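Line by line, the protein sequences are chains A and B. Sequential numbering of the first sequence, starting at 50, is according to this note's numbering. Sequential numbering of the second sequence, starting at 1497, is according to this note's numbering. I have placed the structure first, in the form of structure tokens, so that the comments after it can refer back to it.
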Amino acid sequence: MADIAFLLLIFFLAATTMDSDTGLMRQLPAIPDPNVPQDVNKINDRNILEVKVNKDNLLLVEGQLTEFDQLREIAHNFILNPNDEPSMPEREVVYLPFFGNVAVTKAVISLQNDIGTKYGVYLAVQNELIAARAKLRDDVARQEFGIPYDRLDEDRKSAVDDYYKVPISEAEPKRIGD
Amino acid sequence: MARFVKTGKKTIKAISTSSLPDIVFMILFFFMAVTTMRETDIMVTVRIPEATEGKVLEKKSLASFIYIGEPLESFQALYGKEPKIQLNDSFKELADIQDFIAQEREQLNEADKAKMLVVLKIDRDTKMGIVTDVKQALRRASALKIMYANTNVDKITSF
């Protein structure tokens, strides 16, 4: 009996892996249909945080050379716009379930990379941007419902998601100097 | 002269092994519960980058995997050192991605087709050129839900 059990055990040890996969979930934009006229409403410049990474893995945020460590804070400040500065994103009053009528930010983050950018750097930048947004969502969840974002139910989660929508768009690939 | 006097029995009783199968079965069930089947042999070097915001992949059955990285040393004579795309068990070209996605989608049942997820396991030193090409190919194949595989850490120390 023990021999058979050992045999099975060794089979499972050899044929299986322990690690679970983790990763950053992203949604790619659909390929635009050439027959459908494109939305001409351009997003106001003040609402876009432009993040570029070049082939030397240097970071350019809104035209400023930036250290990687500062990115999360810059993104946080940009989305929050605490002092209602005219150069930072505007707000729009919308109705959200659980919140009622609230002023939500219209901020958008645009991420551009060069074909020579290292994937590790690109992912780290994405991670920082997602982290900044997740922090704000968590804050509002704690404030409004008293519990962290991770423990909210689906309806409340999607309401909080709408509160800080902040799409992180991956621009159409472009060569920016190689 | 003193003499050693034998007192009582000398032999020690062997430990009973009757519970051994139970113990081994317990370990076996533990491994059956916490592990998952190895699906493909990875033929490229993939050092997954670090991130802090990674989410656990919950439904592995919905996921298809694309590996990108330098071929392993044993394949380098044949395929060179440039990063290659691995789908299932072989090296493939960009043009094959569309077929691969169609094939993977075919294997899912009707209700799950919309939830299909593509997991990109990419070496951290890969240049974005090939990654962007793969992303564009995925867009054309309308596999829009993707996941960049990473290892979760508390703070990113290297990229």
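Glycine included, C-beta positions come from ideal geometry on N, C-alpha and C. Just so we're clear, the structure is a prediction, and the values are computed from it rather than from any experiment.
query: The stretch 1640-1654 of chain B touching the stretch 1544-1559 of chain B, judged by at least three CB pairs closer than 8 Å; result: yes
query: Complete alpha helix (DSSP H) runs within the stretch 1557-1634 of chain B (minimum length 4 residues, chain order); result: 1569-1575, 1593-1603
query: Buried/exposed call for residue 1582 of chain B, threshold 16 Cβ in 10 Å; result: buried
query: Residues from the stretch 53-65 of chain A in contact with chain B, defined by Cβ distance under 7 Å; result: 54, 55, 57, 58, 61, 62, 64, 65
query: Neighbour-count burial assignment, residue 53 of chain A, 16 or more Cβ in a 10 Å radius; result: exposed
query: Interface partners of residue 114 of chain A on chain B, CB under 8 Å; result: Within 8 Å Cβ-Cβ: nothing; residue 114 of chain A doesn't reach chain B, min ~18 Å.
query: Same chain, Cβ closer than 7 Å to residue 145 of chain A, five either side skipped, listed in chain order; result: 151, 208, 211, 212
query: Rounded Cβ spacing between residue 103 of chain A and residue 166 of chain A (contact assumed at less than 8 Å); result: 7 Å
query: CB contact flag (residue 77 of chain A, residue 1631 of chain B, <8 Å); result: yes
query: Stretch-stretch touch, CB-based, cutoff 8 Å, three pairs: the stretch 179-191 of chain A with the stretch 100-114 of chain A; result: no
query: Selection from A:62, A:100, A:147 that minimises the alpha carbon distance to residue 205 of chain A; result: A:147
query: Short Cβ contact (8 Å threshold) for residue 58 of chain A with residue 1523 of chain B; result: yes
query: Contact set for residue 1566 of chain B: own chain, Cβ-Cβ below 7 Å, skip 5 residues either direction; result: 1540, 1541, 1577, 1579, 1619
query: Per-residue DSSP class, three states only, for residue 168 of chain A; result: helix
query: Under 9 Å by beta carbon: chain B residues contacting residue 144 of chain A; result: Per Cβ cutoff of 9 Å: no residues; residue 144 of chain A is ~28 Å from chain B at best.
query: Per-residue contacts from residue 169 of chain A into chain B (C-beta, under 7 Å); result: 1545, 1620, 1621, 1655
query: Residues of its chain near residue 1627 of chain B, where Cβ-Cβ distance is below 8 Å and the 5 sequence neighbours each way are ignored; result: 1564, 1616, 1618
query: Residues from the stretch 152-168 of chain A in contact with chain B, defined by Cβ distance under 9 Å; result: 162, 163, 164, 165, 166, 167, 168
query: Residue 79 of chain A, DSSP secondary structure in three states; result: coil
query: Contact list for the stretch 120-145 of chain A against chain B, Cβ threshold 8 Å; result: none
query: Sequence-distant residues of the same chain with beta carbon closer than 6 Å to residue 139 of chain A, five excluded per side; result: 155
query: Any chain A beta carbon closer than 8 Å to residue 1540 of chain B; result: no
query: Pairwise C-alpha distance: residue 1599 of chain B and residue 1568 of chain B; result: 26 Å
query: Beta-carbon proximity of residue 177 of chain A to residue 120 of chain A, cut-off 8 Å; result: yes
query: Supposed contact pair residue 186 of chain A and residue 1642 of chain B - C-beta distance, whole angstroms, cut 8 Å; result: Not confirmed; about 21 Å, so no contact.
query: Under 8 Å from the C-beta of residue 1553 of chain B: neighbouring residues of chain A; result: 69, 70, 71, 72
query: Paired residues, beta bridge with residue 154 of chain A - DSSP; result: A:140
query: Uninterrupted alpha helix (DSSP H) stretches inside the stretch 96-138 of chain A (no shorter than 4 residues); result: 120-129
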